[in-house]
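Trainee:
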Amino acid sequence: MIIMKTYFPIFAFACVLCWGCSSEVLTSEKILNNSIAYHDPEGKWGALQVQLNFEESRPDGSIRKSKVWLDQPGRFFKLNRGEDQIHGVAIDSCFIEKGDIDCDRVVMLKNYYTYLWGLPMKLKDSGTKVSDDFNKVVWEGTEVYILSVDYEKDDWKFFFDKNNFRLIGYEFVQNNGSSEKIILDGEVNFGKWRIPAGRSWYKTSENDLFLGKDVLVGVSSYDF
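Numbering of the sequence shown is given in the working numbering, commencing with residue 1442 and proceeding in unit increments.
#1: Would VAL1590 and SER1619 be called neighbours here (beta carbons separated by less than 8 Å)?
#2: So, helix, strand or coil for TRP1486, using DSSP?
#3: Taking the C-alpha atoms as reference points, what is the distance between PHE1518 and ASN1494?
#4: Is it buried or exposed, PHE1665, if we count other Cβ atoms within 10 angstroms and call 16 or more buried?
#5: Tell me the DSSP secondary structure of VAL1548 in three-state form.
#6: According to DSSP, is TYR1663 helix, strand or coil?
#7: Can you tell me the Cβ-Cβ gap for ASP1635 and HIS1480, rounded? I've got them flagged as a contact below 8 Å.
#8: Thinking LEU1511 and THR1555 are a contact (beta carbons under 8 Å), I'd like their distance in whole angstroms, please.
#9: Return helix, strand or coil for GLU1647, following the three-state DSSP convention.
#10: Measuring straight from C-alpha to C-alpha, what distance separates ASP1533 and THR1645?
#11: Going by Cα to Cα distance, which pick from GLN1513, THR1468, ARG1499, SER1476 is closest to LYS1485?
#12: Taking all protein chains shown into account, do 16 or more other C-beta atoms lie within 10 angstroms of the C-beta of GLY1559, making it buried, or fewer, making it exposed?
#13: Who does TYR1611 pair with in a DSSP beta bridge?
#14: Can you tell which of TYR1663, SER1661, VAL1656, ALA1488 has its C-alpha closest to the C-alpha of LEU1557?
#15: Decide if the region 1647–1663 is in contact with the region 1488–1507; the criterion is three or more beta carbon pairs, one per stretch, under 8 Å apart.
#16: By Cβ distance below 6 Å, which residues in the same chain neighbour ALA1531 in space, the five residues on each side in sequence not counted?
#17: Out of LEU1489, ALA1488, ARG1522, which has the shortest C-alpha to C-alpha gap to ILE1504?
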């Protein structure tokens, strides 16, 4: 009994220390994984077959209504921008149904929509190297973690809410010095996929000049 009375408190204290040591060490990879778990908990991004409806407003008050058809497994993308532009990419082939546009521009638009509306999952793409280092700051009034990615033509920073790892915005600087920031707000739910609804664009290299806002007003399944 004496031995048990002597060592039990020591054993209990050791357990407390052990539990404290088992806390997960946060890394940039875990921040990204946690954010993907928040936005796409079922890992559906690569299997999506959807129609996305957008309203894209500009500082002059104009609003363009656009539709995107996205078939991830079939590698199909189609964009209807207003009534005068209908085009897309099927596997690796560009097609133009309507509009004065070339295939380089069509591919650029495909990459634009699938990249920005596929974040943060797109940061797992082959060839994308997320920096091992991360920072904690206050950005646009919210405590965030910052992850960095350096691409060939521009450097990006992504901002994740410290409380739930929700992606709330990003910034990029191009090689020519031009820079922009995008602030995200709201969410559209499609199943368990949580999609940032609004994207407000500002040119930070020109004193936060407002460039416009793109809003996802609806998403639905589409039978390809």
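Where a beta carbon is used, it is the ideal one built from N, C-alpha and C, also for glycine.
Small disclaimer: the values here were computed from a predicted structure and weren't measured.
Mentor: With the given structure in hand:
#1: In the sequence shown, counting from the first residue as 1, residue 1590 sits at position 149. In the sequence shown, counting from the first residue as 1, residue 1619 sits at position 178. Their beta carbons are not under 8 Å apart, which means VAL1590 does not touch SER1619 by this criterion.
#2: Position 45 of the sequence shown, counted from the start, is the residue given in the question as residue 1486. In this structure, TRP1486 counts as helix in the three-state DSSP scheme.
#3: Taking the sequence shown and counting its residues from 1, the one referred to as residue 1518 is at position 77. Taking the sequence shown and counting its residues from 1, the one referred to as residue 1494 is at position 53. In a straight line, the C-alpha of PHE1518 is about 14 Å away from that of ASN1494.
#4: Counted from its first residue, the sequence shown places residue 1665 at position 224. So PHE1665 ends up on the exposed side.
#5: In the sequence shown, counting from the first residue as 1, residue 1548 sits at position 107. It is helical.
#6: As a working note, residue 1663 is residue 222 in the sequence shown. Looking at TYR1663 - three-state DSSP - the assignment turns out to be coil, as it is neither helix nor strand.
#7: The count along the sequence shown starts at 1 and reaches residue 1635 at position 194. The count along the sequence shown starts at 1 and reaches residue 1480 at position 39. As written in the sequence, residue 1635 is Arg, which differs from the Asp given in the question. Yes, they are in contact, since the Cβ atoms of ARG1635 and HIS1480 sit about 5 Å apart, within 8 Å.
#8: Your numbering for residue 1511 matches position 70 in the sequence shown. Your numbering for residue 1555 matches position 114 in the sequence shown. Confirmed, Cβ separation roughly 7 Å.
#9: Position 206 of the sequence shown, counting from 1, holds the residue named residue 1647. In this structure, GLU1647 counts as helix in the three-state DSSP scheme.
#10: Working through the sequence shown from its first residue, we reach residue 1533 at position 92. Working through the sequence shown from its first residue, we reach residue 1645 at position 204. Taking the straight line joining both Cα atoms gives about 35 Å.
#11: The count along the sequence shown starts at 1 and reaches residue 1485 at position 44. Measuring from the Cα of LYS1485, the nearest candidate turns out to be GLN1513.
#12: Translated into positions along the sequence shown, residue 1559 becomes position 118. Burial call: buried.
#13: The sequence position of residue 1611 within the sequence shown is 170, counting from 1. Paired residue(s): PHE1599, ILE1623.
#14: Locating residue 1557 in the sequence shown gives position 116, counting from the first residue. Nearest C-alpha to LEU1557: VAL1656.
#15: yes
#16: What you label residue 1531 is simply residue 90 of the sequence shown in a count that begins at 1. PHE1517, listed in sequence order.
#17: Translated into positions along the sequence shown, residue 1504 becomes position 63. Considering only alpha carbons, the answer is ARG1522.
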